[in-house]
Structures are given as structure tokens and as C-alpha cells.
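Everything in the sequence shown is counted per my numbering, starting at 44 for the first residue and increasing by one.
Glycine is no exception: its CB is placed at the ideal position from the N, C-alpha and C atoms.
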Amino acid sequence: MSKPDLRAFLHGLPGVDKVGVEARAAALGTRSVKTTAKAQAIDLAIRMVDLTTLEGADTPGKVRALATKALRPDPADPSCPAVAAVCVYPSMVPVAAAVLGGSGVHLASVATAFPSGQAPLEVKLADTRDAVAGGADEIDMVISRGAFLAGDYAKVFDEIVAVKEACGPAHLKVILETGELITYDNVRRASWLAMLAGADFIKTSTGKVPVAATLPVTLVMLEAVRDFRERYGRQVGVKPAGGIRTTKDAIKYLVLINETVGDDWLDPDWFRFGASSLLNDLLMQRTKLTTGHYAGPDYFTVD
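Structure follows, in C-alpha cells:
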């Protein structure tokens, strides 16, 4: 699609029924999953986790420990699956790569002046290339929210295209920072804009602003990837991130996927949870189902 068509296309998308979206998300969030289905859901959710540490105080030791945990989340139970990926800052990519290399667990890195995105394009591209050169096979970029909210869709589109090229063979996840987009209509437009520019995944949030992933926002994004595939024949993944902390939360999202886009997205290749504390709760619930007893809160490592 040529850039002059972007504004007409994005503003021609159907408006989002705010009341309807929130009511549907709330209704799906009440569904319960029991026994065998719950055990399967927990293992699937573990396999969908992007185990994340994005703190200024991150150290090589912490990142090595996190990567080791990603490979064997529960060392006492070899049947427990590995997570989908480890997500770190670019400077920590080589550290994580040394642990994860050849394991099948992906290595993701935030880039493009995460979390604000307030840097020149040349800096964002260098950030991306450095992360890929260090061993990242997935890049989580942030869009320029200021440009998007000002209606400069062409700038946002061009930046995504340029970062996608800089990724080379690595997959590109585009973070919309939905908490700053204000309306569901903007979430839908930003989702389509990112996909048109080449995103492999669209992601809700950086986890660094007060409003992160929510069920209604994720519903809007799931509807966008469904409609995009129907129109263009290309499937795009979705990654909610920030504020998803419990097994109950994770299962709500799995129900949302199943009821909105179906089995094709119930796979770590197409849906991820950006999280840190979520994994421990999933492991505690898994142990309860397996043994009949909850593990103590200090049984699993604190990330």
C-alpha cells in the first residue's frame, strides 16, 4: 500500500464499539477451565511466555539465571515445558545467547530506544542491528506514539519498514503502547499500520506505563490480525505485555484467543505473554494440579 493511501485507509476502518468490546471481553473473562483442560492450558501458557527482565539494574548474573530458568522452569519436574523466549535489553543479548544457543528457546531484545522511542531513526536502526548481531532472533520495537497521535502515519510506517529491514532474519514485534493511544479506534489503526509495514507480531505495551495489556485492547488487536489475514493472506502474532501476573489472567487470554481467532493462534509462534512474575504463578498452579499441594512462594526463583 502506498503511503499517501494510509490516512484514508486507516480512517476508513470500521469504528470500534467501546461498550460492545468491553462487554464481550468481560463475558469471556468469566469462562472457567477445569481439570485436564486447565492442565493443558497451563502448559500452553508456559510455552507462550516471553520471560522478561528490563531493568536498569539488570546484571549478567541475573540474565544468565533467567535464561537458565527459561530452559528448565521447574528443575524438579523435567516434564515442564520451556518458555517461548527470553527478552532482555540489547546489552544483555550476548549474555543470554551464551546460555540459550541451540536450545530452541528464542532470544528477544527490546530496541529502538525502548521504552520511549524518542531517538533519531539512525540510533534506532543501530540499536536493532546490534541486538541481532549479538544473537537476538526477535526484536521488540516501539512505535513513535507522538508521530502516530499527530497523524503522521507515514513516519511511523517508514520507521517500521526500516527497522524490519534492519532485523534481517529476526522476527519483528511492534509495540503499540496501547495505554498511550487513548482510544480503541487508535489501537485498531495502529495495529493495521504496523501489519501493513511488515510486523510479524503486534504487542500491546512496554510494561513501563501505568496502563498495560487489557482484555478489551487485546480483543481489538486479535480482531485486527484476523481481519488482516482474511484480507491479505498473512498471519501476524499478538503479544500482550504488562500486568499479566496470574494463571487466571493467562487463561482469560487463552479463552479470548479461542473465541476470537481460533486454534491457529493458540500456539507460541502466534501468541506470547510478555511477563516475569506470571511464570511463577503458572508453575505453582501446575504443581498443585500434579501433586495436590501448592508449592511455597519461595519454591521457585524470584525473577
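DSSP beta-bridge partners of residue i
| i | result |
| --- | --- |
| Ile218 | Val185 and Lys246 |
| Val298 | For Val298, which the question treats as bridged, DSSP gives no partner whatsoever. |
| His149 | Ala128 |
| Ala318 | Leu94 |
Contact under 8 Å by Cβ, residue i with residue j
| i | j | result |
| --- | --- | --- |
| Val126 | Pro116 | yes |
| Trp313 | Asp306 | no |
| Leu224 | Leu258 | no |
| Leu332 | Lys81 | yes |
| Ile186 | Val199 | yes |
| Ala256 | Pro212 | no |
| Ile203 | Ala174 | no |
| Leu114 | Thr96 | no |
| Cys123 | Arg315 | no |
| Val254 | Val268 | no |
| Val138 | Val92 | no |
| Ala197 | Leu49 | yes |
| Gly160 | Arg188 | yes |
| Thr247 | Gly194 | no |
| Pro158 | Lys251 | yes |
| Gly58 | Asp310 | no |
| Leu150 | Val136 | yes |
Endpoints, the alpha helix (DSSP H) within which residue i is located
| i | result |
| --- | --- |
| Lys198 | Tyr196 to Cys210 |
| Ala110 | Pro103 to Leu114 |
| Val268 | Leu258 to Tyr275 |
| Val59 | First-last for Val59: undefined, no H or E at that position. |
| Gly177 | Leu164 to Gly177 |
| Val281 | Not the alpha helix (DSSP H): Val281 falls in the beta strand (DSSP E), residues Gly280 to Lys282. |
| Ala141 | Val136 to Leu143 |
| Trp308 | Run containing Trp308: none; DSSP gives neither H nor E here. |
| Ser234 | Tyr227 to Leu239 |
Presumed contact (8 Å Cβ cut-off) between residue i and residue j, rounded CB distance
| i | j | result |
| --- | --- | --- |
| Thr249 | Glu220 | 6 Å |
| Ala140 | Gly178 | 3 Å |
| Met264 | Ile245 | 6 Å |
| Arg172 | Ala209 | 5 Å |
| Leu215 | Val206 | 6 Å |
| Leu71 | Glu266 | At roughly 13 Å, the Cβ-Cβ gap does not stay under 8 Å, so Leu71 and Glu266 are not in contact. |
| Thr102 | Val142 | Not a contact, Cβ separation roughly 14 Å. |
| Arg232 | Leu56 | 6 Å |
Interface flag, residue i vs chain D, CB-CB below 8 Å
| i | result |
| --- | --- |
| Arg90 | Among the chains in the structure shown there is no chain D, since it carries only a single protein chain. |
Distance cut-off 7 Å: residue i Cβ against heavy atoms of the ligand FMN
| i | result |
| --- | --- |
| Pro124 | The ligand FMN is absent from the structure shown, which contains no ligands of any kind. |
Worksheet item: Below 8 Å, can you find three or more Cβ-Cβ pairs linking the segment 316 to 325 to the segment 284 to 302?
Response: yes
Discussion item. Quick check: the segment 73 to 86 against the segment 129 to 149, are at least 3 beta-carbon pairs closer than 8 Å?
Written reply: no
Worksheet item: Counting pairs of beta carbons, one from the segment 77 to 94 and one from the segment 269 to 277, are three or more of them closer than 8 Å?
Response: no
Item to complete: Report yes or no: do three or more beta-carbon pairs, one from the segment 166 to 186 and one from the segment 137 to 157, lie closer than 8 Å?
Response: yes
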